[in-house]
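In my numbering, the protein residues as written are 23 to 408.
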């Protein structure tokens with residue numbers, strides 16, 4: 023039993039009967055004697071395809087086709103126009119009216135069936151594609167809502183953790199400084215300080231990753247001395263390095279006042295992540311070398327360690343999010359797998375690049391390279407917005 027319905031519109035009974043005889047074995051056929059009659063039957067019939075003559079009284083095929091394609095309920099229905107005019111102008115007029123195909127009289131029954139089958143197949147594929155697209159839009163909407171909810175929950179949880187962790191760390195530092203190095207409590211206070219600092223770094227990385235992912239991280243750029251910033255970052259990490267018997271050395275090569283346009287806090291975070299990683303993955307009692315190299319064109323911040331190095335396989339995924347590499351922290355430290363991803367994103371937001379030089383068994387050197395400011399740019403002494 024045919025499942026698809028065709029509407030045949032033609033003022034000639036002979037043509038209508040011929041089309042019906044050609045197609046009735048394959049489709050349900052409804053006929054109309056002109057364009058107005060065809061429009062009247064559209065809503066009740068809901069055809070899968072329309073075949074219409076061009077030359078008809080009251081409403082010709084062009085006007086009928088335009089009316090069908092103008093109606094949002096029927097514009098998706100394919101239309102084949104039949105005409106005795108085989109000129110290019112007639113075909114163009116039919117296409118401009120919105121027809122999907124054009125067949126000149128007299129036509130072959132087999133050709134008509136092939137044209138119908140092809141158009142119905144295209145309509146079916148378009149319908150399937152629209153359904154898939156609608157599902158994709160719905161899925162994307164759900165994913166977007168879930169992502170926004172995740173970011174909100176992460177921000178709330180991270181902020182609620184960050185403030186007390188900062189307080190614990192700073193109280194431990196103050197008490198440690200007051201008690202003195204000879205006290206038995208010094209070791210415990212140092213452990214509290216380092217543990218809370220590690221937790222604070224993890225929370226900060228989660229917050230920054232969420233901000234970067236959502237595009238909410240905005241840079242406040244101004245002239246920054248990389249060597250001065252390096253001293254701050256080295257000092258902040260020196261106690262953690264001492265706990266593992268590691269010594270951080272600093273080398274300033276070139277202009278000690280080499281300046282870049284940067285967000286002070288964000289660049290500090292990127293540099294801090296590199297030193298923290300070096301401490302985390304370096305063997306006990308191995309040195310960590312920090313260098314700032316300045317030229318007229320660029321300023322490079324380098325961190326060299328003598329750890330296990332990075333394999334070719336790990337190098338391919340080095341800057342991915344939540345990536346776990348084959349190397350393990352040497353002091354049992356935890357890792358989110360976000361640090362290097364954050365470094366890369368922050369540096370690229372500064373129009374810079376992150377370089378890596380590593381050899382298995384020999385260690386690794388991570389480099390942040392940024393464009394150096396000229397004296398005139400530094401002299402302006404105004405925020406350079408990114």
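Glycine is no exception: its CB is placed at the ideal position from the N, C-alpha and C atoms. Computed from a predicted model, the values in this text were never measured in an experiment.
* **Beta-carbon separation (whole angstroms), residue 104 vs residue 67, contact threshold 8 angstroms** => Contact between residue 104 and residue 67 does not hold, since the beta-carbon distance rounds to 18 angstroms and is not under 8 angstroms.
* Are the Cβ atoms of residue 303 and residue 245 separated by less than 8 angstroms? -> Cβ distance not < 8 angstroms, so residue 303 and residue 245 don't count as in contact.
* So is residue 370 buried or exposed if we call it buried at 16+ other beta carbons inside 10 Å? -> exposed
* Asked: Which runs of the alpha helix (DSSP H), 4 residues or longer, sit entirely within the region 300-355?
  -> 334-338
* Should residue 407 be labelled buried (16 or more other beta-carbon atoms within 10 Å of its own) or exposed? -> At residue 407, the pLDDT of 32 sits below 50, so the modelled position is not reliable; the number obtained from the coordinates is stated separately. Flag for residue 407 reads exposed.
* Report back the beta-carbon spacing between residue 216 and residue 265 to the nearest angstrom; my notes put them in contact at under 8 angstroms. => 6 angstroms
* Would you mind working out which of 46, 154, 36 sits nearest residue 55, comparing C-alpha positions? => Considering only alpha carbons, the answer is 36.
* **residue 281, DSSP secondary structure in three states** => In the structure shown, residue 281 sits in a strand (DSSP, three-state: E or B).
* If I'm right that residue 62 touches residue 31 with Cβ under 8 angstroms, what's the distance once you round it to whole angstroms? => Rounded, the Cβ-Cβ distance is 11 angstroms, inconsistent with contact.
* Please name the residue, chosen from 45, 326, 145, 224, that lies closest to residue 101 on a Cα-to-Cα basis. => 145
* Asked: The alpha helix (DSSP H) spanning residue 129 covers which residue range?
  -> That residue, residue 129, is in no alpha helix (DSSP H); it is neither H nor E in DSSP.
* Assigned secondary structure, residue 240 (DSSP; H/G/I helix, E/B strand, else coil) -> coil
* Whose C-alpha, out of 98, 321, 96, 382, is nearest the C-alpha of residue 392? -> 321
* Under a Cβ-count criterion, where at least 16 other Cβ atoms within 10 Å of its own Cβ denotes burial, should residue 119 be classed as buried or exposed? -> buried
* Asked: Out of curiosity, what's the CA-to-CA distance linking residue 165 and residue 229?
  -> In a straight line, the C-alpha of residue 165 is about 20 angstroms away from that of residue 229.
* Asked: What separation, rounded to the nearest whole angstrom, lies between the Cα atoms of residue 249 and residue 361?
  -> 22 angstroms
* To do: Provide the residue(s) that pair with residue 272 in DSSP beta bridges, ordered along the chain.
  => According to DSSP, which records beta bridges pairwise, residue 272 is partnered with 312.
* **residue 285 versus 305, 242, 257, residue with shortest Cα-Cα distance** => Nearest to residue 285 by alpha-carbon distance, out of 305, 242, 257, is 242.
* Is residue 191 buried or exposed, if buried means 16 or more other CB atoms sit within 10 Å of its CB? -> buried
* **Proximal residues to residue 137 (C-beta, below 7 angstroms), its chain only, five neighbours per side dropped** => 102, 123, 125
* **Buried or exposed (CB count within 10 angstroms, at least 16 for buried), residue 404** => Confidence at residue 404 is low in this model, with a pLDDT of 44, below 50, so its placement is unreliable and no value can be given for it.
* Is it buried or exposed for residue 375, if we count other Cβ within 10 angstroms and need 16 for buried? -> exposed
* Asked: Does the distance from the C-beta atom of residue 195 to that of residue 208 stay below 8 angstroms?
  -> no
* **Residue burial classification, residue 338 (beta-carbon count within 10 angstroms, cutoff 16)** => exposed
* **Beta-carbon contacts of residue 44 that lie in its chain and below 8 angstroms, excluding the five residues immediately before and after** => 131, 134, 135
* To do: Round the Cβ separation of residue 326 and residue 385 to the nearest angstrom and send it over; I've been treating them as touching at under 8 angstroms.
  => 7 angstroms
* Asked: Expressed to the nearest angstrom, what Euclidean distance is found between the alpha-carbon atoms of residue 219 and residue 257?
  -> 14 angstroms
* To do: Enumerate in chain order the residues of its own chain whose CB-to-CB distance from residue 20 is below 7 angstroms, with the five nearest sequence positions on each side excluded.
  => Residue 20 lies beyond the stretch modelled for the chain, which goes from 23 to 408, so this question has no answer here.
* Asked: chain C beta carbons: is any one of them nearer than 8 angstroms to that of residue 214?
  -> The structure shown has no chain C; it contains just one protein chain.
* Can you check DSSP and say which residues form a bridge with residue 385? => 381
* **Where residue 330 falls, given that 16 or more other Cβ within 10 Å makes a residue buried** => Residue environment for residue 330: buried (at least 16 other C-beta atoms within 10 angstroms of its C-beta).
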